[in-house]
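Structure first, then comments.
There are 2 protein chains.
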Amino acid sequence: MILYNCPPSGNCYKVRLFAALNGLELSVRDVDLAAAEQHQPWFAALNPWQKVPVLQDGDTVVWDSQAILVYLAERHQLWEWWPSEPAARARVAAWLSISGNEIQHGPADARLVRVFDAPLDYPNAVANAARTLGTLDKWLSLHPWLEGSRPTLAECAAYPYIALAPEGGITLDAYPAVRRWVAAVEALPGYVSVDA
Amino acid sequence: MILYNCPPSGNCYKVRLFAALNGLELSVRDVDLAAAEQHQPWFAALNPWQKVPVLQDGDTVVWDSQAILVYLAERHQLWEWWPSEPAARARVAAWLSISGNEIQHGPADARLVRVFDAPLDYPNAVANAARTLGTLDKWLSLHPWLEGSRPTLAECAAYPYIALAPEGGITLDAYPAVRRWVAAVEALPGYVSVDA
């Protein structure tokens, strides 16, 4: 399995983290975003949205970080990470949506501005991040994990850009339950950091 | 099953559309967003993000429009809409992500500004919509449906805010493949419009 990757991308890290936590072997191929390699025809043929990550498994191509998590869990029948009971599965899917929207357009966008000079609205990203982290902190003050009694795909999707929030100028100081949860993810066997 | 709903919301319409296409009975309860009912404690207890739609099925509560589609498909074993083969399922999941991010922050945000006076960046939403519709049009000029050879959850998630784009001041004139696909969704047996 080839992961088309960019080392500092939190979206690519979601996939590397899930693979590491489950001992899945990925052949990582870095795409040079600084040289706009993601817009070259060979890459656009893999992903019409011209973004990393993309996973290639034989003839199968999957793009979108959340979708790649679903693919890996389904392909390797990792039902403890992607519960088969409909309500639990749907609630994990809800956290995948939150990861791709509220978390992306809060802490992830703030980091894109600060670290990569992305032309995004920084005050807006900071305001979104505050709302998202506040809601997440309340949730995690009542629940050990995002869904149920153990980590799921929800953790792999949500953790990267929450843990990387300080790189975007967003401190987690005011969110003790979020910090407890970040530490719990980092204590999982097989955990790797973004720059591992 | 109770759907906490707002009639003009495209996100709520995703759920009503999928239910109609599959003959699922929903008991619709409208939440008065103009009176900020979604921020009242009883609703915040259902959905920490304080947004519609929310689905309640006995003791089960699911929030997020994409997640509710997953729940209904899993609960009613509608595998033709949510394929059980891992690669196809993951590719449907990718379109759920696109619906919650690229489509939401393109045509859906533009409509929020134009119709509901939302304090969002309209030129930014219009630019996002152009990128999203351009990519979608290329995809749909090569594929009959978003994934595979028949409609899936991808259609229920993506169609509403694409079809409603003109309400946000975004015409579909330049996107013939998108218009062909919109018409194909509208020809499905059981189809209902947003104001049905």
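If you read the protein sequences in the order shown, they are chains A and B. Mapping to the UniProt record's numbering: the first sequence position 119 is 119, numbers consecutive. Mapping to the UniProt record's numbering: the second sequence position 171 is 171, numbers consecutive. The C-beta atom is built at its ideal place from N, Cα and C for all residues, glycine as well.
Going by alpha carbons, who is nearest to residue i out of the options?
i, options, result
"alanine 87 of chain B", "A/Ile170, A/Pro83, A/His76, A/Ala87", "A/His76"
"arginine 131 of chain A", "A/Gly106, A/Val61, A/Leu33, A/Glu147", "A/Gly106"
"residue 205 of chain B", "A/Trp81, A/Arg91, A/Val15, A/Leu69", "One cannot answer for residue 205 of chain B here, as it falls past the ends of chain B, which runs 1 to 196."
"serine 9 of chain B", "B/Tyr159, B/Val185, B/Arg179", "B/Tyr159"
"valine 52 of chain A", "A/Ser65, A/Gly23, A/Phe18, A/Tyr122", "A/Ser65"
"glutamate 85 of chain A", "A/Leu142, A/Glu147, A/Ala44", "A/Glu147"
"glutamate 74 of chain B", "B/Phe18, B/Pro123, B/Ala110, B/Asn124", "B/Phe18"
"leucine 26 of chain B", "B/Asn47, B/Asp57, B/Phe43", "B/Asp57"
"proline 144 of chain B", "B/Tyr122, B/Val178, B/Ala34, B/Ala125", "B/Val178"
"alanine 174 of chain B", "B/Lys138, B/Leu142, B/Asn47", "B/Lys138"
"aspartate 59 of chain A", "A/Arg150, A/Ala94, A/Ala110, A/Met1", "A/Met1"
"glutamate 167 of chain B", "B/Leu55, B/Trp95, B/Ala129, B/Gly23", "B/Ala129"
"alanine 154 of chain A", "A/Trp95, A/Val126, A/Glu80", "A/Trp95"
"alanine 157 of chain B", "B/Tyr4, B/Val15, B/Leu3, B/Ala34", "B/Val15"
"glutamate 102 of chain A", "A/Val62, A/Val126, A/Pro7", "A/Val126"
"alanine 67 of chain B", "A/Ser97, A/Trp81, A/Leu78", "A/Ser97"
"leucine 55 of chain A", "A/Tyr4, A/Trp81, A/Thr152, A/Leu120", "A/Tyr4"
"residue 221 of chain B", "A/Leu120, A/Asn11, A/Pro48, A/Leu133", "Since the first residue shown for chain B is 1 and the last is 196, residue 221 of chain B is missing from the structure and cannot be characterised."
"tryptophan 79 of chain B", "B/Asn124, B/Thr152, B/Val61, B/Asp32", "B/Thr152"
"valine 62 of chain A", "A/Tyr161, A/Pro83, A/Ala163, A/Cys12", "A/Cys12"
"glycine 134 of chain B", "B/Ala110, B/Ile162, B/Cys6, B/Leu21", "B/Ile162"
"leucine 72 of chain A", "A/Asn22, A/Gly169, A/Asp109", "A/Asn22"
"proline 176 of chain B", "B/Pro189, B/Ser193, B/Leu136, B/Gly169", "B/Leu136"
"glutamine 50 of chain A", "A/Ala20, A/Trp81, A/Cys6", "A/Cys6"
"glycine 169 of chain B", "B/Pro189, B/Ala110, B/Asp121", "B/Ala110"
For residue i, is the classification buried or exposed, using 16 other Cβ atoms within 10 angstroms of its Cβ as the cut-off for buried?
i, result
"aspartate 195 of chain A", "exposed"
"valine 113 of chain B", "buried"
"proline 40 of chain A", "For the sequence presented, residue 40 of chain A should be read as glutamine rather than proline. By the neighbour-count rule (16 or more Cβ atoms within 10 Å), glutamine 40 of chain A is not buried but exposed."
"phenylalanine 116 of chain A", "exposed"
"threonine 171 of chain B", "exposed"
"alanine 36 of chain A", "exposed"
"tyrosine 191 of chain A", "exposed"
"arginine 29 of chain B", "exposed"
"tryptophan 42 of chain A", "exposed"
"alanine 45 of chain A", "exposed"
"arginine 150 of chain A", "exposed"
"alanine 165 of chain B", "buried"
"serine 99 of chain A", "buried"
"alanine 118 of chain B", "exposed"
"alanine 187 of chain A", "exposed"
"alanine 34 of chain A", "exposed"
"valine 32 of chain A", "Note on residue identity: the sequence assigns aspartate, not valine, to residue 32 of chain A. By the neighbour-count rule (16 or more Cβ atoms within 10 Å), aspartate 32 of chain A is not buried but exposed."
"proline 123 of chain B", "exposed"
"aspartate 83 of chain A", "Looking at the sequence shown, residue 83 of chain A is not aspartate but proline. Result: buried."
Handout entry: Residues in the region 9-38 of chain B having any Cβ partner in chain A nearer than 7 Å
Key = Close to chain A, meaning a Cβ-Cβ distance shorter than 7 Å, is no residue of the region 9-38 of chain B at all.
Practice task
Could you pull out every unbroken alpha helix (DSSP H) segment of at least 4 residues lying fully inside the UniProt domain "GST N-terminal" (1-80) of chain A, listed in chain order?
Solution key: For secondary structure counted as the alpha helix (DSSP H) over 4 or more consecutive residues, the UniProt domain "GST N-terminal" (1-80) of chain A holds these complete runs in sequence order: 10-21, 41-46, 65-75.
Problem - Inter-stretch contact (C-beta, 8 Å, three-pair minimum) for the region 89-103 of chain A and the region 177-184 of chain A - result: Result no; under three Cβ-Cβ pairs closer than 8 Å.
Exercise for the section: Pick out the complete alpha helix (DSSP H) segments inside the region 146-174 of chain A, 4 residues or longer, and give them in chain order. Expected result: Counting only runs of 4 or more, we get 153-163.
Practice task
Could you list the residues in the region 41-61 of chain B with a C-beta less than 7 Å from some C-beta on chain A, going in chain order?
Solution key: Result list: Pro48, Trp49, Thr60.
Problem - Residues, ordered as in the chain, of the region 62-74 of chain B that lie near chain A by beta-carbon distance below 9 Å - result: Of all residues in the region 62-74 of chain B, those with a C-beta nearer than 9 Å to a C-beta of chain A are Val62, Trp63, Asp64, Ser65, Gln66, Ala67, Ile68, Leu69, Val70, Tyr71, Leu72, Ala73, Glu74, reading in chain order.
Handout entry: Near-chain B residues of the region 97-122 of chain A - C-beta to any C-beta below 8 Å
Key = So the close ones are Ser97, Ile98, Gly100, Asn101, Glu102, Gln104, His105, Asp121.
Handout entry: Near-chain B residues of the region 75-89 of chain A - C-beta to any C-beta below 8 Å
Key = Listed in sequence order: Arg75, Pro86, Ala87, Arg89.
Practice task
Identify each residue in the region 135-166 of chain B for which the Cβ-Cβ distance to at least one residue of chain A is less than 8 Å, and report them in chain order.
Solution key: For the region 135-166 of chain B, residues whose beta-carbon sits nearer than 8 Å to a beta-carbon of chain A comprise Thr135, Lys138, Trp139.
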